[in-house]
Structures are given as structure tokens and as C-alpha cells.
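Read top to bottom, the protein sequences are chains A and B. Residues in the first sequence are numbered consecutively from 0, following numbering that gives the first Met the number 0. Residues in the second sequence are numbered consecutively from 0, following numbering that gives the first Met the number 0. Don't be surprised by glycine CBs; every beta carbon is placed ideally from N, CA and C. Every value quoted in this text rests on a predicted model; they were computed, and no experiment measured them. Following: one structure in C-alpha cells, then a few remarks.
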Amino acid sequence: MSDTALTAPRSTNPFAGLMSGTLGPVLVVVLAIFAIWYVAAVALNTPFQQDMYERANQTDVPMSQLVRDTLAQERPVLPAPHQVIVEIWNTTVEKKITSKRSLIYHSGITLSSTLLGFLIGTLLGILLAVGIVHSRVLEKSLMPWVISSQTIPILAIAPMIIVVLNAVGVSGLLPKAMISTYLSFFPVTVGMVKGLRSPEVIHMDLMHTYSATRLQAFWKLRLPYAVPYLFTSMKIGMAASLVGAIVGELPTGAVAGLGARLLAGSYYGQTIQIWSALLMAAFLAGSLVALIGALEKLTLKRMGMAR
Amino acid sequence: MLTAAEIEDGLEDAMSSQANRVIDIDNLSLTFETNDGPVHALSDIDLKIEEGDFVSFIGPSGCGKTTLLRVIADLEQPTAGSITVNGVSPEQARINRAYGYVFQAAALYPWRTIAKNVALPLEIMGLSREEQQQRIQKNMELVNLAGFENKYPWQLSGGMQQRASIARALAVEPDLLLMDEPFGALDEIVRDHLNEQLLQLWAKTNKTVVFVTHSIPEAVFLSTKIVVLCPRPGRIYDVIESDLPRDRNLDIRETPEFLKIAHRVREGLKAGHSYED
């Protein structure tokens with residue numbers, strides 16, 4: 000009876016099927032974003048466009064002409080979505096990867112320091128968490144520094160890291176990666192401390208009745224228990240790593256990387272270039288986080304924890 | 000100078016070593032210091048448990064029955080008095096792996112299959128793969144779980160999970176089995192069934208069992224000795240030696256002998272002010 004009650008509206012309303020899946024809602028949100036974006040682009044670009052008309056002594060420009068012109072400016076305040084998409088197309092598919100104007104080339108530069116920084120940050124985070132969980136002294140002495148490290152604005156400390164590392168002769172990929180590390184070790188540390196402490200009392204008692212050593216309790220109980228926490232914090236750490244890599248490119252006057260594209264874009268007022276680099280960064284972060292998500296699913300499945 | 004009581008104690012100790020005493024508790028107290036002042040969880044406990052006994056601790060919540068079991072397992076430290084397990088301290092007994100402990104919950108590791116869960120203590124003991132395999136098979140059969148080796152805990156019912164945890168405790172091959180309300184979370188039908196299986200297991204393996212419960216029928220059905228505890232402070236009110244035959248089945252619960260013991264337990268709980276609040 001409940002079956003018919005549930006399925007009946009679906010057959011009468013042609014949109015019910017669309018909205019019950021995930022595709023429908025996702026599509027609606029995307030369309031809403033585009034609509035808001037277009038309206039905002041027209042509104043924000045109109046003052047400049049009217050200035051142009053005045054200078055050219057054009058009066059009585061029809062509304063449709065105004066809208067078309069605001070969406071086709073060379074340096075708009077807010078570029079229209081299709082302008083950004085065309086720019087991304089032109090700088091990815093249409094350009095050779097080795098070209099200095101290829102967005103893929105710049106993404107690759109940023110990606111390499113993101114991944115290196117993320118790797119170091121994750122390892123550092125795990126090590127710190129293991130120390131903190133097993134030693135009260137380490138917890139008391141390290142935790143305040145771990146937390147206060149994250150209260151400093153990364154924009155303030157990034158140039159310092161680059162300058163200091165340059166002074167000791169470290170340059171290239173590593174300084175940028177260090178900033179990624181600086182941002183990504185924190186969520187991993189906090190997540191892993193929580194994860195390594197998550198076994199229930201009953202499980203710890205069980206280990207005690209077996210007279211298990213701390214090392215055995217770590218490998219057989221604490222670490223497996225912490226795996227879901229590790230993946231969750233790695234997702235946050237990965238997104239933070241990308242931000243770190245981009246921020247690391249800004250103060251150095253880097254010539255390559257997504258950060259450099261943003262910087263160059265703002266020097267020359269190339270808003271379309273800025274927005275395409277931003278979208279590329281968002282796409283990159285999304286893909287990396289999705290990759291960790293897939294890895295998480297696979298790992299938990301192999302561990303027998305996914306149902 | 001020895002007092003008469005000390006000489007008596009000494010004599011008793013000398014005799015006990017011949018009678019294969021497994022657990023010897025003397026004048027034991029345990030006080031937890033809390034913010035609201037001290038809590039007397041256990042007070043002046045005297046208890047002897049012989050080899051092959053099936054002993055139940057029964058009492059209301061807060062009477063210290065679980066705490067007493069945890070003291071035997073070296074999971075809690077007494078604040079006064081003495082206790083020996085197999086003639087040594089609980090800590091040494093734990094290190095000697097003298098006991099297997101079954102908790103209220105099955106406490107299986109969700110990322111390990113049932114066989115791997117049973118193997119957990121064996122891995123910690125550092126046994127060889129063949130030895131592990133052999134003990135897994137033997138104990139899975141003992142609790143009637145053969146064929147479920149490669150299942151994960153969540154694929155099993157609550158009763159099967161608890162049986163798996165018993166297999167895990169038995170795999171250590173201890174002479175002493177400590178069970179803390181192992182069937183408390185299960186429904187009565189499953190509980191009756193597991194009680195019967197537990198008795199068969201006890202008869203087969205000839206182990207000493209200490210069993211915590213708050214069910215009167217369960218305590219009377221399983222035990223050769225019933226220890227009635229009462230709260231505030233946690234103390235022993237009565238120790239009942241059961242004269243029921245060792246070989247029993249569920250029908251025994253209808254017999255007058257069974258009801259007589261159950262009555263005495265209930266009276267003990269009542270007199271110990273267990274029904275006050």
C-alpha cells in the first residue's frame with residue numbers, strides 16, 4: 000500500500016523523477032549559479048559600459064545592445080561565465096602543454112608543490128599525532144605550538160619562509176611546498192590525535208588483558224581505528240595544501256604556477272585570466288579531494304569497514 | 000609474635016594450596032576518590048574460588064560485582080587487602096595469560112574477520128601461523144561458529160558476536176574464564192540457549208568460570224557457587240553453595256531445588272537493601 004502511495008506522484012509529475020535523483024538538484028544549483036553570475040556581470044559592468052557610450056557620444060543604446068556589450072568587455076569587472084570558459088578552453092586545449100601560456104603547464108607547477116607539501120605535511124602530522132597520543136610531555140609541549148602556528152595569517156608568514164629558505168640556499172619547489180606543509184600538517188595532526196584516541200575503553204581494556212605492549216596496541220588497535228579519521232583530515236589537508244602552494248607563489252614573484260597567473264592577471268587587469276585561474280584551482284582542489292575520497296572507499300572496503 | 004588469627008590464616012593458606020585454589024581474596028577493599036568524596040566500591044571482600052568452580056557474582060547496579068571481576072583481571076587496583084590468582088598477584092597472572100576475559104559487549108574489531116578476531120590474542124602472544132590456525136579452528140567449533148571464519152562482525156547476530164568473543168577468550172587457553180554480563184544485551188531466548196551452551200562448554204573444558212550477572216535465574220542455572228553482593232559499600236552479603244547436579248539442562252529451572260536457591264538469592268538481594276531505590 001505504501002508502495003503505490005510513494006510511486007503514484009512520480010508517474011503524474013514528469014519532474015518528480017528528475018528531482019528524486021542527484022542529477023536534478025545538482026543541475027538546478029549549477030543553473031542558479033550561472034543565472035546569478037550573468038545578472039551580476041551585467042550589473043557590475045554597466046557603469047563602465049555607459050562611460051564608453053558617453054565618450055563615443057552614443058545615446059539611446061537599446062537594452063539588448065547594453066547587455067550584449069557588458070558581457071563582451073575585454074577587461075570586465077566581472078567576466079561572464081562564457082568568457083571564462085572560452086579563456087580556459089583557449090589556454091588548455093588550444094595551447095601546447097609546454098607553452099608558458101598554457102593553464103595546464105601552470106597547474107602542473109602548482110600541483111607538484113601541492114603534492115610534495117601535502118606528502119610532507121601528512122607524514123609530519125601523523126608523526127606529531129603519534130607522539131602526542133603516547134606522551135603527556137609531548138602533548139603539553141607540542142600542542143600549544145601546533146595550534147598557535149595556525150593562528151598566524153599564512154599571507155604574513157609565507158614571504159618569511161621563502162626569504163629564510165632562500166637565505167640558506169633552498170629554492171625552487173621546496174619553499175613553496177613548505178608553505179603547503181605548514182597548512183596541511185595541522186588538520187592531519189588534530190584528526191589523527193582524535194583518531195588514535197578513538198578506540199573505546201573496552202577495546203583498550205581488551206589489549207590490557209592480553210598484556211599487549213604499547214607498540215602492539217598501536218599497530219593492532221589505534222592505527223586501524225584512526226584510518227577513517229586520517230582520510231577525512233587528509234581531504235582538508237589537501238585543499239589547504241593547494242591554497243598554500245598558490246599563496247606561496249604570490250610573494251615570490253613566481254613566473255609560473257596558478258598563483259603567478261593570478262598575480263600577472265591582476266597586474267594587467269586581466270580579470271578573465273584571473274577567473275580562469277581561480278576556476279582551474281577550484282577544479283584541481285575538487286579533483287584531488289575526490290581522489291582521496293576514492294582512495295578512502297577502496298581502503299575501507301579492503302579493511303572490511305565499508306558496508 | 001603471631002596472633003591466633005594469623006596462625007589460622009597461615010594454616011588456611013597451607014591447606015588451600017593443596018585444594019587447588021584459583022582465586023584467594025582476603026579483606027579486599029577498593030575506594031575510588033571522586034570529586035564528591037570517596038566512593039567505597041568494594042569493602043572487606045573475602046572470597047575463595049576453587050578449581051573447576053562456576054561462580055556467579057549477582058547484585059544490583061553499583062554493588063561492585065564488575066569492579067571485583069576487574070580487580071581479579073588486574074584492570075582495577077585494590078586499595079587495601081590482598082588477592083592472589085593462581086597463587087600469584089593479578090598482574091603476574093595477567094602476564095602469565097592465566098585468564099580469558101569476556102566483556103559486556105563483544106568488542107570485536109570491525110576491520111577483522113571473525114577468524115582474525117579470534118587470532119588477535121594469538122598474534123599478540125606471538126604464536127606460529129599453524130598454531131594460530133589450529134586454535135582458531137578448535138575454538139570456533141567449540142562455540143558452534145565453524146563456517147563463519149571469513150565473515151565480518153557486522154554480518155553476525157548479537158548472540159553470534161558474543162560467541163565469537165568467547166572463542167577469542169578461550170583461544171588463549173586459560174584455565175580461568177572471567178565473564179562480565181556477557182549475555183546482558185541479548186534477548187531471553189538467545190540468552191537461554193547460550194547459557195546451555197556455556198554449561199556444555201564448561202563441562203567439556205573443565206575451566207574455572209567467574210560470571211557476573213544481574214539475572215537470578217541465570218546465576219542459579221549456571222553456578223556451583225553464587226555470591227550475592229549489595230551496594231553502598233559494595234560487599235558480600237551471602238555465598239550460596241549450589242547442590243544442583245553439575246550436569247543440568249534448562250528444565251531444572253522448574254524443580255523445587257532450583258526455586259529454593261533462587262528464593263534464597265532473592266531474599267539475600269532484598270535483605271541487602273537492593274530493592275530500596
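Endpoints, the alpha helix (DSSP H) within which residue i is located
i, result
"B:A202", "E187 to T204"
"A:T341", "No answer is possible for residue 341 of chain A: the residues shown for chain A start at 0 and end at 306."
"A:S170", "Taken as a continuous stretch (DSSP letters only), A:S170 belongs to no alpha helix (DSSP H), as it is neither H nor E."
"B:T30", "Per DSSP, B:T30 belongs to no alpha helix (DSSP H); it is in the beta strand (DSSP E), R20 to T33."
"A:Y224", "L222 to E248"
"A:L77", "Note, A:L77: premise wrong, no alpha helix (DSSP H); not H, not E."
"B:A168", "G157 to A170"
"B:F220", "I215 to L221"
"B:I251", "No alpha helix (DSSP H) contains B:I251, which DSSP labels as neither H nor E."
"A:P152", "Where A:P152 is concerned, there is no enclosing alpha helix (DSSP H), given that its DSSP letter is neither H nor E."
"B:A118", "I113 to M124"
"A:T208", "V200 to T208"
"A:E93", "Run containing A:E93: none; DSSP gives neither H nor E here."
Rounded distance between the beta-carbons of residue j and residue i, thought under 8 Å
i, j, result
"A:P75", "A:A39", "Not a contact, Cβ separation roughly 11 Å."
"B:T112", "B:E148", "7 Å"
"B:W110", "A:P223", "5 Å"
"A:I87", "A:M279", "7 Å"
"B:F182", "B:Q160", "About 11 Å; that fails the 8 Å criterion."
"A:I273", "A:S265", "6 Å"
"B:N85", "B:V171", "Not a contact, Cβ separation roughly 14 Å."
"B:E180", "B:T212", "6 Å"
"A:I201", "B:A106", "5 Å"
"A:G312", "A:S112", "In the structure as shown, chain A starts at 0 and stops at 306, and residue 312 of chain A therefore has no counterpart that could be examined."
"A:A239", "A:L154", "Not really, about 14 Å apart at Cβ, beyond 8 Å."
"A:A157", "A:P250", "6 Å"
Residues that residue i bridges to, as DSSP identifies them
i, result
"A:G303", "DSSP lists no partner for A:G303."
"B:E140", "According to DSSP, which records beta bridges pairwise, B:E140 is partnered with nothing at all."
"B:G36", "B:T33"
"B:C62", "Paired residues: none, contrary to the question."
"A:G268", "DSSP output for A:G268 lists no bridge partner at all."
"A:L262", "Partner(s): none; A:L262 has no beta bridge."
"B:K47", "B:D23"
"A:M62", "A:M62 is not bridged to any residue."
"A:V162", "Answer by DSSP bridge pairing: none, since A:V162 is not bridged."
"B:D179", "B:V211"
"B:S55", "B:F210 and B:I225"
"B:L41", "B:L29"
Proximity below 8 Å, CB of residue i to CB of residue j
i, j, result
"B:R265", "B:I44", "no"
"B:L243", "B:D191", "no"
"B:P173", "B:G99", "yes"
"A:A284", "A:R260", "no"
"A:G243", "A:G116", "yes"
"B:V54", "B:K224", "yes"
"A:I151", "A:I178", "no"
"B:V101", "B:S164", "yes"
"A:G312", "A:I108", "Residue 312 of chain A lies beyond the range of chain A shown here (0 to 306); nothing can be said about it."
"B:T66", "B:S28", "no"
"A:G120", "A:G258", "no"
"B:V189", "B:G158", "yes"
"B:F210", "B:L221", "yes"
"B:I260", "B:V219", "yes"
"A:P78", "A:T270", "yes"
"B:A166", "B:N138", "yes"
"B:P108", "B:L121", "For clarity, residue 108 of chain B is Tyr in the given sequence; the question names Pro instead. Not a contact, by the Cβ cut-off of 8 Å."
Boundaries of the beta strand (DSSP E) in which residue i is found, first to last residue
i, result
"A:G23", "First-last for A:G23: L22 to R54, but that is the alpha helix (DSSP H), not the beta strand (DSSP E)."
"B:E240", "R234 to E240"
"B:L107", "No beta strand (DSSP E) holds B:L107; DSSP gives it neither H nor E."
"B:V211", "T207 to T212"
"B:V84", "A79 to V84"
"B:K224", "K224 to C229"
"B:G99", "Y98 to V101"
Per-residue contacts from residue i into chain D (C-beta, under 7 Å)
i, result
"B:L46", "Looking for chain D here will not work: the only protein chains present are A and B."
Can at least three beta-carbon pairs, one atom from the segment 70 to 86 of chain B and one from the segment 29 to 49 of chain B, be found at a separation below 8 Å?
They touch, by the three-pair rule.
Kindly confirm or deny that the segment 74 to 93 of chain B and the segment 24 to 40 of chain B touch, where touching means at least three C-beta pairs closer than 8 Å.
They touch, by the three-pair rule.
If contact is defined by three or more beta carbon pairs under 8 Å, each pair taking one atom from either stretch, is the segment 170 to 177 of chain A in contact with the segment 189 to 199 of chain A?
Contact fails: fewer than three Cβ-Cβ distances are below 8 Å.
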